[in-house]
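The numbering of the sequence shown is our numbering, which starts it at 798 and goes up by one.
Even glycine gets a Cβ: it sits at the ideal position worked out from N, Cα and C.
Since the model is a prediction, treat every value here as computed from it, not as a measurement.
One structure is given here, and the rest of the page talks about it.
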Amino acid sequence: MSEGLGDEDEAGTVTWRELLEGAIATLRSRDRGDGSDPATDAARITAEALGVADAELVLHLSERATRRGVAHLDAMVARRATGEPLQYVLGHWPFRHLDLMVDRRVLIPRPETEQVVEVALAELDRMGGRDRPTTVVDLGTGSGAIALAVATERVRTAVWATDASTDALEVARANLAGVGRAGARVRIAHGEWFGALPEELGGTVDLVVSNPPYVATTADLSPSVTEWEPAGALFAGADGLDDLRVILAEAPRWLVPDGVVVCELSPEQGAA
């Protein structure tokens, strides 16, 4: 797809439209049947290489691409063609109002987890969280998606974000740096579930929220998940509930008397 150009930032003869068409053709020829749309993926990759928002791509398709832009696009198309998730290829992904850095150290932010945040915020509001300071703990924060969404959307809330993975916490810290003043109300702690928290926090937490591992070890997941996303953030025993049991058993000593636990589960696990 690339062509020999001079200076990396000098426009060549190939247009972004031609590059987009080539990317679509490449991804269609490598379709892995994971439900993704090659045209949509190619458009997002092209917009990323061009450095514009997805909605603005059409305005630039007739422009000639630079050598640097062509190389960036080629590299991303090659990665996506191997089956690597688009979110990791781009290196960032939207979550509610945030744009989060993501890579293979953390789970991909998903719409289901946005709904978990919605429930958590509703519970905080029920407690009067818009009018008084509250404390929230996000267990297994990963990229920091839940913690940072809560902190930026409820300005009187202090948030603790914990994870047992130091790799994941590196990503969370990078995302924390991008949320501005709200980041001052977020503390990141390394450790297994509540073990990451200081003892003095016991009995003071208004809400515990988590997207813990909840996939059964025998579950048949798509290779687009199992081959790329961190297994430690996915699987939790024979029924997928091992980590949830730990969280629910330990939560009472950390919560205020009317405190709440909000966790993401699969629909089939709701009655367990």
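Using only the alpha-carbon positions, how far apart do residue i and residue j sit?
i	j	result
Arg951	Pro835	38 Å
Ala822	Thr810	20 Å
Ala961	Trp813	43 Å
His889	Val1002	31 Å
Asp1017	Met898	28 Å
Leu904	Thr959	15 Å
Leu918	Gly1037	26 Å
Arg1050	Glu853	51 Å
Pro1009	Ala974	24 Å
Glu800	Arg865	With a pLDDT of only 47 at Glu800, under 50, the local geometry of the prediction cannot be trusted, and the value read off the model is given with reservation. Looking at the two C-alpha atoms, the distance is approximately 11 Å.
His1089	Val874	In the structure as shown, the chain starts at 798 and stops at 1069, and residue 1089 therefore has no counterpart that could be examined.
Thr848	Ala979	The identity of residue 848 in the sequence shown is Gly, whereas the question assumes Thr. Near 27 Å, if we compare the C-alpha coordinates of Ala979 and Gly848.
Gly1056	Ser1019	36 Å
Thr1023	Ala878	17 Å
Ala993	Trp957	9 Å
Gly880	Ala981	38 Å
Ala872	Ser833	19 Å
Asn972	Gly925	28 Å
Gly977	Arg970	12 Å
Buried or exposed for residue i, please, with buried defined as at least 16 other CB atoms from any protein chain shown within 10 angstroms of its CB.
i	result
Pro906	buried
Ser859	exposed
Leu1045	exposed
Asp838	buried
Glu1061	buried
Pro995	exposed
Arg927	exposed
Gln923	Strictly speaking, residue 923 in this sequence is Arg, with Gln absent from that position. So Arg923 ends up on the exposed side.
Asp1040	buried
Ser940	buried
Ser1007	buried
Gln884	buried
Ser1063	exposed
Mind checking whether residue i and residue j have CB atoms under 8 Å apart?
i	j	result
Ala955	Thr932	yes
Val968	Val914	no
Val934	Val855	no
Phe991	Glu920	no
Ile842	Ala820	yes
Val1059	Val916	yes
Ser1021	Asp828	no
Arg929	Arg953	yes
Leu747	Val983	In the structure displayed, the chain extends from 798 to 1069; residue 747 sits before or after that span and is not available.
Val1027	Arg825	Reading the sequence as shown, one finds Pro at residue 1027 and not Val. Cβ distance not < 8 Å, so Pro1027 and Arg825 don't count as in contact.
Thr963	Ala942	no
Ile985	Leu998	no
Ala840	Asp851	yes
Phe1032	Val1053	no
Arg816	Glu845	For the sequence presented, residue 816 should be read as Leu rather than Arg. No. Outside cutoff.
Gly988	Thr1014	no
Pro882	Trp1025	yes
Thr949	Leu870	no
Please state whether DSSP places residue i in a helix, a strand or coil.
i	result
His894	coil
Leu1004	strand
Pro1020	helix
Val811	strand
Pro1054	strand
Arg902	coil
Arg907	coil
Ala822	helix
I'd like to know whether the C-beta of residue i is nearer than 8 Å to at least one C-beta of chain E.
i	result
Ala917	Of the protein chains in the structure, only one exists, and it is not chain E.
In chain order, which beta strand (DSSP E) runs of at least 3 residues are fully inside the region 844 to 881?
-> For the region 844 to 881, whole beta strand (DSSP E) runs of length 3 or above, ordered along the chain, are 861 to 863.
Pick out the complete beta strand (DSSP E) segments inside the region 919 to 981, 3 residues or longer, and give them in chain order.
-> Residue ranges of uninterrupted beta strand (DSSP E) with 3 or more members, entirely inside the region 919 to 981 and ordered along the chain, are 931 to 936, 954 to 960.
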